[in-house]
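So the protein lines, in turn, are chains A and B. Going by our numbering, the residue at position 5 of the first sequence is 53; the numbering climbs one at a time, nothing skipped. Going by our numbering, the residue at position 141 of the second sequence is 634; the numbering climbs one at a time, nothing skipped. Glycine included, every Cβ here is placed at the ideal spot set by N, Cα and C. Just so it is clear, the structure is predicted and the values come from calculations on it, not from any experiment.
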Amino acid sequence: MAGQEMSKELATGLLDVRVELTLEQISELAHVERSVVIELVQEGALSPRGTSPEEWRFTGPALRRLQRGLRLQRDLGINAAGVALALELLEELDRLRARLRRLEGR
Amino acid sequence: MKYKDYYRILGVDRDASADEIKRAYRKLARKYHPDVSSEPDAEERFKEVNEAYEVLKDPEKRQAYDNIGRGWQGGEEFTPPPGWEGGFHFHEAAGEAHHFSDFFESLFGHEEFGGFSRRFRDVHARLGISLEEAYHGTSREIALDVPVADERGRLHYQRKTLRVSIPAGVTDGQQIRLAGQGGVGPDGKAGDLYLIVELLPHRLFRVEGRDVWLDLPVAPWELALGAKVKVPTLGGTVELKIPPGTRNGGSLRLRGKGLPGHPPGNQYVRLQVEVPPARTEEQRRAYEQLREAMKDFDPRRGLGG
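Next up, the structure:
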């Protein structure tokens, strides 16, 4: 399908915040059913722009968040709400580690 | 080939119940999960823990392992007993794209692609790049092993070499997706390769997101009287104006001199006074004059004593 080829092109290369992915595209890239992504949005683990699922637009970093969340879900046996909490805490931890590296200097 | 003591890896007794094994596994998985852990050997440990759980959670595999296992010590040189044909086919992996050990393969056979989810074809790899490369963008040759299934569904690892262009302004943790460069399934369809950018530590600069931090040594009079000083940035040397009366430890911002992007980051210069030693008689006199002129200065006034 021409449309799908297009969508893949869109997400090749650097997945930064300028990348826009629809619900369909991000589900396809992460190899999960749309319902899995919808549940994670409902739990606040992912925050796409737009109001209805058809209008949702996810950024490049959201794909990494989703992939990370799916690995945690699979390997640690946690539900969508647990994934949302784990991702928030992990990102906070990433920020604090970066700050610590900066403050500790060389 | 080394014998692997799966019970010891999970830290459970040989007669541990299925529940105990699961509990031990979950605990270790949380500790060493590569998405969670910052321990340097997390990935290795996680693989080991998964391999152990893969065997011990399955009553048949556990039985087979127990039958050959008595009397062996972890790490001991291991040769499968004569006539040993595991007779197992391995269908699923808990972790992503992991290589189980030779020991595992000698007992349970090769990993098979058939049962793997499509997600397994996607390969995730870290790519360490220097700050200079992140700033200017670069082209890098990378080599990595990707899983490739043969027509019978048996999994092998193939060395793959790729040239990757890294755009200017990548930040730590960003992913670069290379469509169709991941593992290959028995149907010949390839997954994607994701390179996760990891910015390497720099001699001078520290990074937080797109912002770059630099500690700049200054003389006391440069802070007190103001000065124009030369400052290294990723884009080259620039001149920085220190206003008179700047506080030691304070930071000055060089707008837009961080990593490029939308918007670009800033460079922050943290000023750190270096106190010049008084080596000559003249220098000592200069300090003495300073002491006289600064009589009302009490560096410990905040201590209350």
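{"Query": "Distance between A672 (chain B) and G579 (chain B) (C-alpha atoms, nearest Å)", "Result": "Residue placement at G579 (chain B) is flagged as unreliable, the pLDDT there being 44, under the threshold of 50; a coordinate-derived value is accordingly withheld."}
{"Query": "Best match in B:E626, B:A618, B:Y558 and B:S632 for proximity to D638 (chain B) [C-alpha to C-alpha]", "Result": "B:A618"}
{"Query": "Member of B:K520, B:E715 and B:Y687 whose CA lies at the smallest distance from the CA of G675 (chain B)", "Result": "B:Y687"}
{"Query": "Partner residues on chain A for R519 (chain B), Cβ-Cβ distance less than 7 Å", "Result": "L124 and G125"}
{"Query": "Exposed unless 16 or more other CB atoms sit within 10 angstroms - verdict on M49 (chain A)", "Result": "At M49 (chain A), the pLDDT of 36 sits below 50, so the modelled position is not reliable and the matter cannot be decided from this model."}
{"Query": "E774 (chain B) to R784 (chain B) span [Cα, whole Å]", "Result": "15 Å"}
{"Query": "is_contact[D680 (chain B), chain A] using C-beta, thresh 8 Å", "Result": "no"}
{"Query": "Within chain B, the residues that L120 (chain A) reaches when beta carbons sit closer than 8 Å", "Result": "H526, D528 and V529"}
{"Query": "Where G751 (chain B) falls, given that 16 or more other Cβ within 10 Å makes a residue buried", "Result": "buried"}
{"Query": "Cβ-based neighbour list, L624 (chain B), same chain, cut-off 7 Å, excluding 5 preceding and 5 following", "Result": "L692, H695, F698, V700 and L727"}
{"Query": "V657 (chain B) versus G61 (chain A): straight-line alpha-carbon distance, rounded", "Result": "9 Å"}
{"Query": "Short-range partners of chain A found in the region 654–688 of chain B, where Cβ spacing is below 9 Å", "Result": "S658, I659, P660, G662, V663, T664, D665, G666, Q667, Q668, I669, R670, L671, A672, G673, G684, D685 and Y687"}
{"Query": "Those runs of the alpha helix (DSSP H) which lie wholly inside the region 711–797 of chain B and span at least 4 residues", "Result": "713–718 and 774–786"}
{"Query": "Residue-level contact to chain B via CB, L133 (chain A), 8 Å cutoff", "Result": "no"}
{"Query": "Distance between S530 (chain B) and R82 (chain A) (C-alpha atoms, nearest Å)", "Result": "29 Å"}
{"Query": "contact_flag[the region 107–127 of chain A, the region 501–510 of chain B] where n(CB pairs < 8 Å) is 3 or more", "Result": "no"}
{"Query": "Simplified DSSP assignment, three categories, for R652 (chain B)", "Result": "strand"}
{"Query": "Within chain A, partners of A779 (chain B) - CB distance below 9 Å", "Result": "Ordered by position in chain A, no residue passes the 9 Å Cβ test against A779 (chain B), which lies about 30 Å from the chain."}
{"Query": "Range of the contiguous beta strand (DSSP E) that encloses I669 (chain B)", "Result": "Q668 to L671"}
{"Query": "Collapsed DSSP secondary structure at E634 (chain B) in the structure displayed", "Result": "strand"}
{"Query": "Closer than 8 Å to chain A by CB, A717 (chain B)", "Result": "no"}
{"Query": "Reduced DSSP category for P660 (chain B) - H, G, I as helix; E, B as strand; rest coil", "Result": "coil"}
{"Query": "Beta-ladder partner(s) of G61 (chain A), from DSSP", "Result": "B:R670"}
{"Query": "Cα-Cα separation between E513 (chain B) and L549 (chain B), rounded to whole angstroms", "Result": "11 Å"}
{"Query": "Closest Cα partner of D704 (chain B) within the set B:T631, B:G678, B:P756 and B:G742", "Result": "B:P756"}
{"Query": "D680 (chain B) - DSSP class collapsed to helix/strand/coil", "Result": "coil"}
{"Query": "CA-to-CA distance, Y499 (chain B) to L88 (chain A), given in whole angstroms", "Result": "35 Å"}
{"Query": "6 Å Cβ shell around D559 (chain B) - same chain, five flanking residues per side excluded", "Result": "none"}
{"Query": "Opposing strand residues paired with K495 (chain B) [DSSP bridges]", "Result": "B:E570"}
{"Query": "Whole-angstrom C-beta distance between P753 (chain B) and G662 (chain B), which should lie under 8 Å", "Result": "4 Å"}
{"Query": "Distance cut-off 7 Å: K734 (chain B) Cβ against heavy atoms of the ligand GTP", "Result": "In terms of ligand content, the structure shown is empty, and the ligand GTP therefore cannot be addressed."}
{"Query": "Exposure label - R119 (chain A); buried when at least 16 CB within 10 Å", "Result": "buried"}
{"Query": "Bounding residues of the beta strand (DSSP E) (the contiguous stretch that carries G621 (chain B))", "Result": "V616 to I622"}
{"Query": "Spatial distance of A535 (chain B) from R519 (chain B) (CA atoms)", "Result": "14 Å"}
{"Query": "For P96 (chain A), the three-state DSSP class (helix, strand or coil)", "Result": "coil"}
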